[in-house]
Amino acid sequence: MAGKLTYFDSNLNFSSHRNTLEFQPPSTSLNASRFTSPSKAQHELNAEAQDQISRCFNKLRSLRPSDSQTLKTELNLLFDQLISENYTIYDNIHPEVVCELLVQASRLVPLSQEHLVIKLCQLIHQLLNQLQVIVDEQTLDILVSYSTRALRTCSSWTHPEVLLALSSLVYGNGCKCQRHLPELLGPSGILVRYGDPSQPDIELRRSAVHCLANLCLSVPGQPYLEEPYKGVCYGIQLRTLQYPKPPNVENIVFCTLLHSALKGMQCFLSGGKWKAVQNQDLGTLLAVLKRFMFHGLPGISVEMPQVLYPAPLPQYETISSAKPEPSQDSTAQKKTPGSQQNKKRKSRGKGKKAGAEGKRDGEEGEGDEPLKSGGGGVDQSGWSLGSQSSSLTSPSGVTPHLYPSWKKGSSDSEFSDPEGGMQSKLRLYQARVRQSALQCFLAVVKCVEKRVLYGYWSSFIPDAPSIGGPSPLTLLTIALKDPSPKVRAGSLQVLSALLEGSRQFLSTAEDTSAPRQAFTPFSATLAASLRELHRCLLLALLAESSCQTLTQVLKCLAHLVFNVPYNRLRPGLLSTLWKQIRPYVRHRDVNVRVSSLTLFGALVSTQAPLPEIQLLLQQPGSTSTLSTPGVATPQELSQNWRQLVQRDGEALPSPGGVEEGLEGPCWLLQLCISLVTQPREETYSDSDAGGSSAGSLEPSPVRLEALQVLAHLVKGYFSLAQTSLLELGHLSALCLTEQDPSVQLHGAKLLEELGTGIIQQYRADGSTPQSAKQVPVSQVVQFWSEVLGGPLIGALQNEQHPTLQTSACDTLSSILPQAFSQLPDKTQVLCITILLGLTYSENSVVKAAAVRALGVYILFPCLREDVMFVADTANAILTALDDRSPNVRAKAAWSLGNLTDTLIVNMQSVGLEFQEEFSGMLLLNMLRSATKASGDKDRVKSNAVRALGNLLHFLQPVHLGKPVFEQPLQEAMRALIDTVRGDATMKVRWNACYALGNAFRNHNLPLGTAIWSKEAYSALSYVVTSCKNFKVRIKSAAALSIPGTRDCYGDTRQFAEVWHALSQALEHSEETEDFLEYRYCASLRTQLCHALLHLLSLCLPDDFPALRSSLSDQSRPVLQGFLVRYLSDRGVALVAGGDGDAGEEAGDHKVPEDGLMMLRETLTRLKGLQGEPMLESSEDLKTVLNFLQDVVRDLEVIKESNSQDSSFTNSKPPQKSK
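If you're matching positions, the sequence shown starts at -1 in the working numbering and goes up one per residue.
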């Protein structure tokens, strides 16, 4: 059964409704609401049939069980009448009526009347299938019990029909059959016995396997079949697939058995994630599926291994030599060249007509379900990817081994039998088996972890083109050689599912280095596999004529492009692909056009900017092949060669559409703009929505995909798109004026990408290429003036489309700050007013976007010094922090962090003037709100603690002197301390450590005497020694080194605790359980050394005993070695972040030269203390001095050694060149 599922009350009591559920025509029935009234015309056509069915239903209800011959006769007539009806035309029969009818019929038919049992089973199957009904639990229990009793007592000739009825009953009801499962799937259960491969009756076996498949099927929202019964079903289905065909069984019958087993395996695999348990080996299942992926494929006889093993190299299967079929190759070879050429030309004409209708192969009409989607170089076998037109127009010149068998002409096709004989029927069933095997494989890809599945990569993906010998059987073999377009599409969908999310696995591929002679590394093998994937998919693209399959080829290429590391491969792959897909944007089929644009989007978004793509974008576009619909693809070139004959000396366009010419604007950008705005020049022979005629715009999917390509192009290659900045702005404004919300949304997204590209050009972070010329500010101002004077403001106020409002808010936040300051004052006020108003929107998504946009504006130099704007923004943010939506609170916390960053900047740039004008009460509310938000979810907490640190840094004596600030200050510090010690994410704890360090910078805080001071130092000391994350340790060490005076560290005991924590952390800085943390070891040691030197520079005589205790034991040489390394020239590399990502922590400490100066100043100060009477004989002071002197001495030794090495290098004579 397939299609929609009908649900109803499973607790309905049929006995109490028996007399009231009279089935009558809707006009006279007292229960007419039980049936949906059809239209008047349909009612007139089916009134007589409905009257007949209602009479049969009512007659069946009126009968009572008896042994009379009259009852048997009436039941025979009723069943015959009901079975003869076609119920697919009725949609007004309710499921509970069907259930009551079947229960009543089961009570009337005794098991001794086997002919009536057969008819009842046929009626059950027909009603449930054609009406698409899943029976309720009570009916299920009654009828399954009846069926199992029939299987035990009735003759064996009735069992296939009984099993067929049972399969319809248990469809989607496996979890509700708990009471019957021991009898069905127990050690000697009925289905186990009939489904076993040793069962001689193949029809019984097929029916049992089909019943098992329906038991494994689960309706969404219901539990799956439980173990051990689920494992029993798997075992029977796997053994069915592994068992060879009995000699006395016809091929078509055996194909139906395989089809049922594969469908059952697919239902099993859809029941959740794959679990490696006993008797369920993935390699065995994959070997079986690979075998049936090629079942009955013409010209291929497969002897597959019993098990596939995870291996980096392919396991070559044995390909038995198959005899050529007389109707194909041998017959074709005997034809004369002239007759063959005429035949080919005739076949191409048929292919064009069939391709336009989407029904090229004869198997299309048999009801096969399509698969449900999840979804350079030279050809060594004879096709050169550089010029394809000649090969396509003359298939006879192509190597027969490479040219797809289904492309050899429709008259030679296996589906061209005009008599519809058994051979064609067999091949149809074999194609269904292959399609079912691919469906199973797709289910495997979805339920098995990708990291496990990639171990079998080489078994299904080719690694190199075959030269001479037979090529390995892979998914690409099916895509190129299978005669069924649905099977070809199925293989491409499986390949797409394998490629989806494979970026991390494929990132190891590399072939840019010189090839190794001794061995081939896995990276090179994987790179060769990727090149072969490109080659084979390009061949499939050029040879495919089915529009549906062609769409899958393009989608598969898009998945491939999105995941391949082209920066690690030799250039050329993308150029070849680029040339071949350009014509498909003007294909006659709308789905092909959309898929080709999707592929272009993948090309311009993957690892952007790629130099190869940048060169391709700069190539001039063709004016002929890209403007005439339906003529430029290789398939159409071979079919429409008369239209491409040279006229008046005009050159014949190449399939790639690349012509010599002057370099102009980016052709892809101009193409996408034309697809969005320009009307079509002629109608397409495809399934465009609404049958739009010439002169109308492209279908909506094409226009939306073109806008997405433009967004990707602007994001990845803004330097090429900036020349058309104003044109793109006009396009976006045009999209915002349309009625389609999707087009409006994509237009706003394009505006956002344009604004973001401009901002990235003006950022001084070195992330953009130096060769990229910045857009002049005057042009940016003009761009935004036109945009803000257009329909964008209307989109911001369109409450009917909150998604559009959200995207428009994001667009406003992408205005360049330098350009915003030059916009007219009324425009600035308009933007700010709208955003402030949207922060009170009832839609949480709109509110979050508006709050985020205000968080961007608060950083603008022209706005951050405006006290009124800062105050208005703060009030809006504080209101949003109390919102019920976590997303709104997270955006508000981020904006609050930005606002407090602005307060710190203003404190340093503007000074006391801004601090005095800023409301103290508002500052108090911000402190309280940030403290409350620090107890929220981690998304909110991360920025809330950042804001707390800034606010504590901003507080001035005028604030701290007020009693109203005393308790909020303590609560804020307590919140930061608890976050540092807590179990939040590492990002939150990192921000909390940063916030404490930021608070320590405020000299007005009572850092050394407050109650919370000791707890803050204890929390940071705990984290610096015990946190598993080294970045958190680095930030805590940086915070401990910020206080500038000895008094800030509190008493002697507190100072000693900080010193011991830092020294212990330095001593064990190379000990970690996570290997990934090693890249931060150098930065951690650098920061710890700086903090220790900072403490030494502040220490007082009372601190010497604590210092001596750590410098007198075995820790001394370790600390001395790390300090020497830090202060020597070798420490420069550590500070510069030579260990990768650790460079972002380098700004938290000073360079080694400053540390050396600090050390010498400390040594001079301590020597001065040595002359004091009380410290003259102090052993503690001597220990500290000796330690520092040893460090200085070691430094001098290293410097002397380095100078000698340098002089020796300079004195060496230059070597003579050979």
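Every residue, glycine too, gets a C-beta built ideally from N, C-alpha and C.
With 16 or more other Cβ atoms inside 10 Å of its own Cβ, M924 counts as buried. Excluding the 5 residues flanking it on each side, L1060 has same chain C-beta neighbours closer than 6 Å at L1086, A1089, L1090, in chain order. With respect to the 7 Å criterion, K174 and L138 are classified as neighbours on the basis of their beta carbons. Straight-line measurement puts the Cα of D1045 at about 37 Å from the Cα of I875.
In this structure, T475 is the residue among L80, N246, T475 with its C-alpha nearest to the C-alpha of P296. In the DSSP annotation of this structure, the continuous segment of the alpha helix (DSSP H) that includes R926 starts and ends at 918 to 931.
If you ignore the 5 residues before and after Q1118, its C-beta comes within less than 8 Å of the C-beta of F1185, D1188, V1189, D1192, all in its own chain and listed in chain order. Three or more Cβ pairs closer than 8 Å define a contact, and the segment 1105 to 1122 falls short of that threshold against the segment 1069 to 1078. The DSSP-derived three-state label of S1126 is coil.
Here G187 is buried, its C-beta having at least 16 other C-beta atoms within 10 Å. With respect to the C-alpha of Q128, the residue from L80, R850, E964 having the closest C-alpha is L80. For W155, the number of other beta carbons within 10 angstroms of its own is below 16, and it is reported as exposed. Here DSSP, grouped into helix, strand and coil, assigns V131 to strand. Selection L666, W665, S698, C664 evaluated against P677 yields S698 as nearest (Cα-Cα). When DSSP reads this structure, S216 sits in a beta bridge with N171. If you check the CB distance, S593 and L552 come in under 7 Å.
Closest option to L76, judged by alpha-carbon separation, among R53, Y88, C97: R53. Fewer than three beta-carbon pairs drawn from the segment 499 to 511 and the segment 424 to 441 are found closer than 8 Å, and the two stretches are therefore not classed as touching. Under a 10 Å Cβ-count criterion, I1009 is classified as exposed, with fewer than 16 other Cβ atoms of the shown protein chains found around its own Cβ. Going by DSSP, K845 is part of the alpha helix (DSSP H) stretching over 842 to 855.
Across the structure, T675 and A719 are spaced so that their CA atoms are roughly 18 Å apart.
With respect to the 7 Å criterion, E736 and A709 are not classified as neighbours on the basis of their beta carbons.
For Q720, there is no enclosing alpha helix (DSSP H), since its DSSP letter is neither H nor E.
One Cα belongs to V775, the other to S1016, and the distance between them is close to 51 Å. Of the residues R999, V943, L473, the one whose Cα lies closest to the Cα of M984 is V943.
Around the beta-carbon of G959, fewer than 16 other beta-carbon atoms lie within 10 Å, marking it exposed. Taking C-beta atoms as the reference points, G995 and G1048 fail to come closer than 7 Å. Note on the segment 1064 to 1104: whole alpha helix (DSSP H) runs with a minimum of 4 residues are 1079 to 1096, in chain order. The straight-line gap separating the alpha-carbon atoms of S543 and T472 is approximately 21 Å.
Contact between the segment 515 to 525 and the segment 438 to 448 is not established, with fewer than three Cβ pairs separated by less than 8 Å. The shortest C-alpha to C-alpha distance from L711 to any of A495, Q954, L595, N796 is the one to L595. The C-alpha of T547 lies about 25 Å from the C-alpha of L256. Going by beta carbons, T831 and L786 fall outside the 7 Å limit. Beta-carbon to beta-carbon, E1159 and S1095 are separated by about 7 Å, close enough to satisfy the 8 Å threshold.
When DSSP states are grouped into helix, strand and coil, L608 belongs to the coil group.
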